[in-house]
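Novice: Residue numbering for the sequence shown follows the numbering used here, beginning at 173 and increasing consecutively.
We put the CB at the ideal spot given by N, CA and C, even for glycine.
Okay, handing you the structure first.
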Amino acid sequence: MAEGFLQSSDGSYTEMEIIGDRFFNELLLSSLFQDVEKDVHGNIKTCKMHDVIHDLALFVSKAETLVLDETGPMSDTSHIRRLSIISTGIEVPTISEDVATKLRSLFSNVDVLHRMSNEPKSLRVLNFRGAKVEKLPAFLGKLEHLRYLDISRTKIKKLPKSFTQLYNLQTLSIMDCCLERLPKGITKLVSLRHIYFNKEKLMPVKVGCLPCLQTLPFFYVSIESGRKVEELGFLSQLRGELEIYNLEHVKEKAEAIRAKLLEKTEVYKLEFLWSYRREGYSNDKEVLEGLKPCSNLKSLKIVNYWGDNLPSWMLMSVHDFGYSFLDNLVFLKLIKCKECTNISGLGQLRNLQILEIDGMEKVKCVYKNFCNSNIESSSHVWSEATTLFPSLRRFSLENMNSLEEWVQGVGPGIEGSKDVVLFPQLEELIVLSCPKLKSVPTHRGH
Numbered sequence: 173m174a175e176g177f178l179q180s181s182d183g184s185y186t187e188m189e190i191i192g193d194r195f196f197n198e199l200l201l202s203s204l205f206q207d208v209e210k211d212v213h214g215n216i217k218t219c220k221m222h223d224v225i226h227d228l229a230l231f232v233s234k235a236e237t238l239v240l241d242e243t244g245p246m247s248d249t250s251h252i253r254r255l256s257i258i259s260t261g262i263e264v265p266t267i268s269e270d271v272a273t274k275l276r277s278l279f280s281n282v283d284v285l286h287r288m289s290n291e292p293k294s295l296r297v298l299n300f301r302g303a304k305v306e307k308l309p310a311f312l313g314k315l316e317h318l319r320y321l322d323i324s325r326t327k328i329k330k331l332p333k334s335f336t337q338l339y340n341l342q343t344l345s346i347m348d349c350c351l352e353r354l355p356k357g358i359t360k361l362v363s364l365r366h367i368y369f370n371k372e373k374l375m376p377v378k379v380g381c382l383p384c385l386q387t388l389p390f391f392y393v394s395i396e397s398g399r400k401v402e403e404l405g406f407l408s409q410l411r412g413e414l415e416i417y418n419l420e421h422v423k424e425k426a427e428a429i430r431a432k433l434l435e436k437t438e439v440y441k442l443e444f445l446w447s448y449r450r451e452g453y454s455n456d457k458e459v460l461e462g463l464k465p466c467s468n469l470k471s472l473k474i475v476n477y478w479g480d481n482l483p484s485w486m487l488m489s490v491h492d493f494g495y496s497f498l499d500n501l502v503f504l505k506l507i508k509c510k511e512c513t514n515i516s517g518l519g520q521l522r523n524l525q526i527l528e529i530d531g532m533e534k535v536k537c538v539y540k541n542f543c544n545s546n547i548e549s550s551s552h553v554w555s556e557a558t559t560l561f562p563s564l565r566r567f568s569l570e571n572m573n574s575l576e577e578w579v580q581g582v583g584p585g586i587e588g589s590k591d592v593v594l595f596p597q598l599e600e601l602i603v604l605s606c607p608k609l610k611s612v613p614t615h616r617g618h
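Pasting the structure below:
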């Protein structure tokens with residue numbers, strides 16, 4: 173993407189990420205990529221390239237690509253556009269002027285920028301991941317073509333002032349680095365599409381001013397201006413995974429609604445987290461109601477939620493079709509929801525494969541809680557045998573101090589109803605630290 177290869181061939185406006193996915197899938201269908209491994213959400217994690225294809229790729233790219241170590245010569249490199257440097261740091265190579273001016277991609281584990289006689293103004297990719305680099309040069313902002321910058325796992329503490337002039341930067345990775353903060357002027361990087369970080373202090377202030385942003389792994393809510401949850405409402409392109417922390421700082425449902433999670437159709441994984449140590453009024457229930465996600469959601473995790481019931485959108489059913497609003501949900505984890513007594517309706521989640529409940533201290537009975545009262549009163553749904561959790565493969569119950577009873581799956585007592593099938597696909601059941609629970613069902617189904 174940073175090299176500019178992902179362009180639409182028919183002149184239409186198609187996002188580069190979508191074009192890249194198409195190319196990858198075509199290579200996959202052609203068996204050029206093999207041994208694909210996917211996560212629980214169906215996303216490809218890893219794959220392998222056939223040895224013959226790998227050798228061919230190296231042969232085709234060798235005219236413009238060089239992998240340089242301390243033993244390799246640096247002669248006749250004027251044709252190089254992509255350079256990878258591997259050095260112990262004892263002898264740091266110097267990049268000549270003719271190479272620097274034409275270089276488009278640079279991967280290095282040592283600081284070579286400060287040894288350049290000329291600025292690499294054609295540079296599009298700069299990857300210093302894990303490199304022995306403590307400072308970026310002042311001329312960084314002059315790299316007007318730079319699209320990709322990775323300084324993860326470096327000792328860089330501060331970015332140069334010119335960093336905010338990288339108007340074409342699309343991807344920024346600052347994972348596990350020593351960076352103290354991001355400059356306020358980061359909102360000037362209007363082309364930024366993906367940012368990767370894992371520290372609260374590195375979350376951009378006024379992130380809503382980055383209209384092209386697609387990847388934002390974490391959002392830390394604060395009462396400060398530019399850090400309120402409504403900033404998410406401006407990010408219409410957001411996709412992938414998102415964890416929202418410190419939700420106790422959201423004042424009311426209306427504020428939560430302004431995050432516009434319902435409109436983010438490409439976000440497939442959400443985590444809602446409140447702080448465990450907090451005092452005062454708990455408005456968790458109305459806030460979580462306002463954080464209603466899109467029905468495309470595949471993974472949901474809720475931590476330290478203090479409402480007495482789950483939000484209505486989790487239990488919402490579409491009676492005409494007999495499925496839940498969250499019908500695409502595959503993974504659900506409820507952690508330390510200590511005030512919650514009612515978890516009814518979860519049994520409707522037809523595609524749920526993994527359910528983990530931990531620290532829900534006020535739930536007393538399993539099974540009755542899985543049946544939505546609306547469904548139990550519907551003769552249409554219960555006229556025939558009903559299956560709860562039809563796809564569930566892993567079910568975990570931990571630290572349920574009040575759990576006393578696990579009722580076998582039976583019908584609701586409506587005339588003409590049949591027994592309920594419970595967990596027909598279950599492969600793994602984990603029950604830990606449930607001191608009042610005396611037994612669990614010995615078999616599944618009727």
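For SER568, which residues from the same chain have a beta carbon less than 6 angstroms from its beta carbon, with the 5 sequence-adjacent residues on both sides left out?
Specialist: Counted from its first residue, the sequence shown places residue 568 at position 396. Counting only Cβ-Cβ distances below 6 angstroms, and skipping sequence neighbours, we find GLU528, ILE602.
Novice: For GLU306 and LYS327, what's the separation of their Cα atoms in angstroms?
Specialist: Mapped onto the sequence shown, residue 306 falls at position 134. Mapped onto the sequence shown, residue 327 falls at position 155. One C-alpha to the other measures close to 5 angstroms.
Novice: Does the separation of the CB atoms of LEU238 and ILE257 fall below 7 angstroms?
Specialist: What you label residue 238 is simply residue 66 of the sequence shown in a count that begins at 1. What you label residue 257 is simply residue 85 of the sequence shown in a count that begins at 1. No; because the gap between Cβ atoms is not below 7 angstroms, this pair is not in contact.
Novice: Which value, in whole angstroms, describes the spacing of the CA atoms of TRP478 and ASP348?
Specialist: Counting from 1 along the sequence shown, the entry for residue 478 is found at position 306. Counting from 1 along the sequence shown, the entry for residue 348 is found at position 176. Cα to Cα, TRP478 sits roughly 32 angstroms from ASP348.
Novice: Between which residues of its own chain and ASN523 is the CB-CB distance below 8 angstroms, once the five residues before and five after are set aside?
Specialist: Working through the sequence shown from its first residue, we reach residue 523 at position 351. Cβ neighbours of ASN523 beyond the five flanking positions: ASP499, ASN500, LEU501, VAL502, SER563.
Novice: Thinking C-alpha only, which one of ARG287, LEU255, GLU403, GLU511 is nearest GLU263?
Specialist: Walking along the sequence shown from the start, residue 263 turns up at place 91. Considering only alpha carbons, the answer is ARG287.
Novice: Taking the alpha-carbon positions, what's the SER471 to LYS441 distance?
Specialist: For the purposes of this step, residue 471 is identified with residue 299 of the sequence shown, where counting begins at 1. For the purposes of this step, residue 441 is identified with residue 269 of the sequence shown, where counting begins at 1. The alpha-carbon atoms of SER471 and LYS441 are separated by roughly 5 angstroms.
Novice: Classify TYR448 as buried or exposed, calling it buried when 16 or more other Cβ atoms lie within 10 Å of its own Cβ.
Specialist: In the sequence shown, residue 448 corresponds to position 276, counting from 1. Answer is exposed; the Cβ neighbour count stays below 16.
Novice: Who are the near neighbours of HIS421 in its chain, counting only those whose CB is closer than 7 angstroms to its CB and skipping five residues on each side?
Specialist: Within the sequence shown, residue 421 is the residue found at index 249, counting from 1. Around HIS421: VAL393, SER394, ILE395.
Novice: At the level of alpha carbons, what is the spacing between LEU445 and SER294?
Specialist: The sequence position of residue 445 within the sequence shown is 273, counting from 1. The sequence position of residue 294 within the sequence shown is 122, counting from 1. C-alpha separation (whole angstroms): 43 angstroms.
Novice: Take LEU338 as the anchor and find which of ALA310, SER324, ARG353 has the nearest alpha-carbon.
Specialist: For the purposes of this step, residue 338 is taken as the residue at position 166 of the sequence shown. If we check each option's Cα against that of LEU338, ALA310 comes out closest.
Novice: Figure out for me which residue from CYS537, GLN597, GLN386 has the closest Cα to the Cα of THR437.
Specialist: What you label residue 437 is simply residue 265 of the sequence shown in a count that begins at 1. THR437 has its Cα closest to that of GLN386, out of CYS537, GLN597, GLN386.
Novice: Sorted by chain position, which residues of the same chain lie with C-beta nearer than 8 angstroms to PRO355's C-beta, five sequence neighbours on each side aside?
Specialist: Taking the sequence shown and counting its residues from 1, the one referred to as residue 355 is at position 183. Closer than 8 angstroms at Cβ, skipping near neighbours: LEU331, LYS333, PHE335, THR336.
Novice: So what does DSSP say about ASN468, is it helix, strand or coil?
Specialist: Position 296 of the sequence shown, counted from the first residue, corresponds to residue 468. Secondary structure of ASN468 (DSSP, three-state): coil.
Novice: Where does LEU594 sit, in a helix, a strand or coil, going by DSSP?
Specialist: Residue mapping note: residue 594 aligns to position 422 of the sequence shown, counting from 1. Strand, per DSSP.
Novice: Taking the straight line between their C-alpha atoms, what separation do you get for ASN379 and LEU240?
Specialist: In the sequence shown, residue 379 corresponds to position 207, counting from 1. In the sequence shown, residue 240 corresponds to position 68, counting from 1. Before going further, note that residue 379 is Val rather than Asn in the sequence given. When rounded, the distance between both Cα atoms is 39 angstroms.
Novice: Report the option in LYS220, VAL593, TRP578 whose CA atom is closest to the CA atom of SER611.
Specialist: Position 439 of the sequence shown, counted from the first residue, corresponds to residue 611. Comparing Cα positions, the closest option is TRP578.
Novice: For LYS473 and ASP207, what's the separation of their Cα atoms in angstroms?
Specialist: Locating residue 473 in the sequence shown gives position 301, where the first residue counts as 1. Locating residue 207 in the sequence shown gives position 35, where the first residue counts as 1. For LYS473 and ASP207, the distance between alpha carbons rounds to 30 angstroms.
Novice: Return the residue from the list PHE300, VAL377, PRO465 that minimises the CA-CA distance to ASP283.
Specialist: Counting from 1 along the sequence shown, the entry for residue 283 is found at position 111. Minimum Cα distance to ASP283 is reached at PHE300.
Novice: Based on DSSP bridge pairs, tell me the residues matched to CYS537.
Specialist: Numbered from its first residue, the sequence shown carries residue 537 at position 365. According to DSSP, which records beta bridges pairwise, CYS537 is partnered with GLU577.
Novice: Decide if ASP322 is buried, meaning its Cβ has at least 16 other Cβ atoms within 10 Å, or exposed.
Specialist: Position 150 of the sequence shown, counted from the start, is the residue given in the question as residue 322. Result: buried.
Novice: Need the endpoints of the beta strand (DSSP E) that ARG411 sits in, please.
Specialist: Translated into positions along the sequence shown, residue 411 becomes position 239. That run of the beta strand (DSSP E) goes 411 to 417.
Novice: From THR558 to PHE391, what does the alpha carbon distance come to, in whole angstroms?
Specialist: Here residue 558 refers to the residue found at position 386 when the sequence shown is read from its first residue. Here residue 391 refers to the residue found at position 219 when the sequence shown is read from its first residue. Spanning the two alpha carbons is a distance of roughly 40 angstroms.
Novice: Can you give the beta carbon distance from LEU364 to LEU341, rounded, assuming they're within the 8 angstroms contact cut?
Specialist: For the purposes of this step, residue 364 is identified with residue 192 of the sequence shown, where counting begins at 1. For the purposes of this step, residue 341 is identified with residue 169 of the sequence shown, where counting begins at 1. So it is a contact: roughly 6 angstroms between Cβ atoms.
Novice: Report, in whole angstroms, the separation of the C-beta atoms of VAL535 and THR513, which I expect to be a contact under 8 angstroms.
Specialist: Taking the sequence shown and counting its residues from 1, one reaches residue 535 at position 363. Taking the sequence shown and counting its residues from 1, one reaches residue 513 at position 341. Confirmed, about 6 angstroms.
Novice: Quick one: measure Cβ to Cβ for SER454 and PHE497, integer angstroms, because I've assumed they're closer than 8 angstroms.
Specialist: Here residue 454 corresponds to residue number 282 of the sequence shown, with the count starting at 1. Here residue 497 corresponds to residue number 325 of the sequence shown, with the count starting at 1. Not really, about 25 angstroms apart at Cβ, beyond 8 angstroms.
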